[in-house]
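*Asks:*
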Amino acid sequence: MTDQEKRRRQTRNFLIFCGLLYVAIAYITSHVHHVIELSGKPFDIQNVDVKQLTEASKASMINNIFVFPSEKTLQILSFELITVFIFALYKITTQKNLMPGKEHGTAKWGGNTDRSRIRNNKDQFANVILTETERLSLDTKKVKKNLNLLVIGGAGTGKSRFVVKPNILQANTSFVITDPKGELLRDTGHSLEQQGYKVKVFNLIDMSQSCRYNPFAYVKKESDILKVINNLIKNTNGNKNGASDPFWESAERALLQAIFLYIFYELPEFEHRFATVFTMLRLAEVKEDEEDFKSEFDFLFEMLREDNPNHIAVKQYDIFKMASGKTAKSILISAGVRLSPFGIEEVERLLSDDDLELQALGDEKTALFVLIPDSDSTFNFLVAMMYAQLFDSLYYQADFVSGGSLKYHVKFWLDEFANIGQIPEFDKLIATMRSRNISVAPIIQNMTQLKSLYKETYETIIGNCDTILFLGGQERSTLEWVNKGLDKQTIDTKNTSQSRGRNSSSSISYGSQGRDLMTISELARMPDHKCVLFVRGLDPFYSDKYKLESHPNYKLLYEANENNYFDSSMGWKQSSSNSDLISELVNMRVPEQELAERMDELSIVNVDELDILEKQMDELI
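The opening position of the sequence shown corresponds to residue 1 in full-length UniProt numbering, with each subsequent residue numbered one higher.
1) Under the three-state reduction of DSSP, which class applies to residue 448: helix, strand or coil?
2) Answer yes or no: do residue 368 and residue 212 have a C-beta to C-beta separation smaller than 8 angstroms?
3) Taking residue 72 as the reference, which of 31, 442, 167 and 180 has the closest Cα?
4) For residue 636, which residues of its own chain have a beta-carbon under 8 angstroms away from its beta-carbon, when the five flanking residues on both sides are left out?
5) Between residue 499 and residue 508, what straight-line distance do the alpha-carbon atoms span, to the nearest angstrom?
6) Whether or not the segment 337-348 and the segment 260-278 are in contact is what I'm after, with contact meaning three or more pairs of Cβ atoms, one per stretch, closer than 8 angstroms; do they touch?
7) Excluding five sequence neighbours on each side, which residues of the same chain lie with their C-beta closer than 6 angstroms to the C-beta of residue 411?
8) For the alpha helix (DSSP H) that contains residue 191, what are its first and last residues?
9) Quick check on residue 355: does DSSP put it in helix, strand or coil?
10) For the structure I just gave you, are there three or more beta carbon pairs, one from the segment 512-532 and one from the segment 470-481, closer than 8 angstroms?
11) Using a C-beta cutoff of 8 angstroms, does residue 74 count as contacting chain B?
12) At which residues does the alpha helix (DSSP H) containing residue 413 begin and terminate?
13) Within 10 angstroms of its Cβ, does residue 252 collect 16 or more other Cβ (buried), or is it exposed?
14) On the DSSP bridge assignment, give the partners of residue 506 in chain order.
15) Does DSSP classify residue 516 as helix, strand or coil?
16) So which of 304, 231, 232 and 177 has the shortest CA-CA distance to residue 165?
17) Does DSSP classify residue 67 as helix, strand or coil?
18) If distances are taken between C-alpha atoms only, which option among 168, 29 and 94 comes closest to residue 553?
19) Between which residues of its own chain and residue 15 is the CB-CB distance below 6 angstroms, once the five residues before and five after are set aside?
20) Taking residue 145 as the reference, give the member of 374, 435, 193 and 451 with the closest Cα.
21) Can you look up residue 166 in the DSSP assignment and give me helix, strand or coil?
22) From residue 389 to residue 397, what distance separates their C-alpha atoms?
23) For residue 459, is the classification buried or exposed, using 16 other Cβ atoms within 10 angstroms of its Cβ as the cut-off for buried?
24) Between which two residues does the alpha helix (DSSP H) containing residue 315 stretch?
25) Can you list, in chain order, the residues of its chain whose CB lies under 6 angstroms from that of residue 494, leaving out five sequence neighbours each side?
26) Please list, in chain order, all residues of the same chain as residue 409 whose beta carbon is under 6 angstroms from its beta carbon, the five residues on each side excluded.
27) Alpha carbons only, please: which of 385, 442 and 462 is nearest the one belonging to residue 424?
28) Kindly give me the distance between the Cβ atoms of residue 22 and residue 67, rounded to whole angstroms, as I take these residues to be in contact under 8 angstroms.
29) Where do the N-terminal and C-terminal ends of the beta strand (DSSP E) with residue 363 fall, by residue?
30) Does the distance from the C-beta atom of residue 198 to that of residue 364 stay below 8 angstroms?
31) Got a sec, what are the start and stop residues for the beta strand (DSSP E) residue 137 sits in?
32) For residue 153, report the span of its beta strand (DSSP E) as first-last.
33) Should residue 265 go down as buried or exposed, given a rule of 16 or more other Cβ atoms within 10 Å for buried?
34) Compute the distance between the beta-carbons of residue 140 and residue 147, then report whether it is under 8 angstroms.
35) Name the residue from 116, 64 and 557 whose alpha carbon lies nearest to the alpha carbon of residue 535.
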């Protein structure tokens, strides 16, 4: 109820009170005046026997509930009515918009009533652990809150220990966990396996111990190719800003689209991988002094043009070929530099096939750990690409396979969120994922990181996180943001003054003023064990950070028992097969198929078609 509605209710109640007051006064007046009239004596206020008059009036009220007023009585009642009306009118017209104790602000800390509104008290594991005293129920329909959580805390404030680890131990959703340095996997992998989870690892720290990820495995249509290319370009632009010439980027995009579309439509499925993209690009060659020069790359598309002049890959190739020799060479160099990481052997192996099965994360309890080096972001664009396709896959699974919502809730714990690259349209994803049983927890060190990565949309991202947890920090803009979010409270003040001398005097006055619930300096000096929690629709909480040792499953952690150590290789060996050996023996990088199956495929190929296919492979090699 708003303050205006409260004032309207108070006014209505006051008028009802005045009406009842007049009825009571009129009733008493009628009986008192009736008794006086029956006595036949003139009323003398100085000689009246109050006790006798009171007793007689009571008897009249008992014997005669209603007495018909005389003309004199009606005059008195009219006077009383006018008096009550003037009193009511005066009170209403002179009523002030007073809010005692709220004049300068209404901010206050949340308490037990607020806590009970958002937690699941029946099942402690059906909650997201926020602080030592606050939990958020996974039942979003009951608590009317989404499960998106923004965690803010400087280095050393315990983002992993006090937030991520306790919630992994809850084992109540599927997890996607960004894990700088691999410590979370080492510490919690055993506990997840013990609770029936399938553990997978996408390891950019040691790619030889990673599940493989093939972006082409999640390409189902042309628009998926455009998303992959846009993501690749956006996250490999380095420090280029929006003011750079868009021509080169657009021309390079046309070249990459031609290659990707050629592979998607014209090459066998086992060649759908980034190594093929890199190989095809190496076939391209431009000679500035020979405009009519044709490279092996050009012949591929010319052959395709003869078969299908309207092929989408040919159209993109023609856009690229609009550039003159010198310009085209610059475009090739730019694309070559961008794709150069894909020529590294360990990257080729990482992207050679797909073991991640991203679409299955919502079908069974799965934990996908994404290991990224905290001191080198060279290959982090692969993480951004994987996350983009992961969201697309989960959305498709929810919308078209699982009836609108995933079977298991999928929670993203995005530690070092600012270092994983920009996820395309993340502001739109975070606004629409709740209904699909997905939620995210971006974890940042300060607001500046978020503003830098998502310049135009960071406010939308913040606005779609119903829960925000501040663990501490020193960055000024973050402290100011938290300070403004807490707002002001009204406090009482006491002012004393004293003058000395011949006519000494002193005075004391009381008043009120506004004060920040926590000032910027108080936030900066916040004790290490304390945190500030915002939950939409509730007063903020000033609470202790969660004590990891108190969790019922703490005994399953590595720090509790050295036998619980989880090696990073355990998460990929269960997804690997012996097909890597076959791939190394075949010149073209073959897929994970039995040799007998490959022989059956070859035996049904037309000889003429086989000759054409061999020529194309020779040109690619």
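Positions of the beta carbon are idealized from the N, C-alpha and C atoms, including for glycine.
*Replies:* Quick look at the numbers:
1) helix
2) no
3) 31
4) Residue 636 is absent from the structure shown; the chain starts at 1 and stops at 621.
5) 12 angstroms
6) yes
7) 173, 175 and 439
8) 183-194
9) coil
10) yes
11) Although the question refers to chain B, the structure presented lacks it and comprises just one protein chain.
12) No alpha helix (DSSP H) contains residue 413, which is instead part of the beta strand (DSSP E) from 410-414.
13) buried
14) 498
15) strand
16) 177
17) coil
18) 168
19) none
20) 435
21) helix
22) 12 angstroms
23) exposed
24) 312-321
25) 510
26) 173 and 437
27) 385
28) The Cβ separation is near 17 angstroms, so there is no contact.
29) Residue 363 -> no beta strand (DSSP E), and no H or E assigned at all.
30) yes
31) 135-137
32) 149-153
33) exposed
34) yes
35) 116
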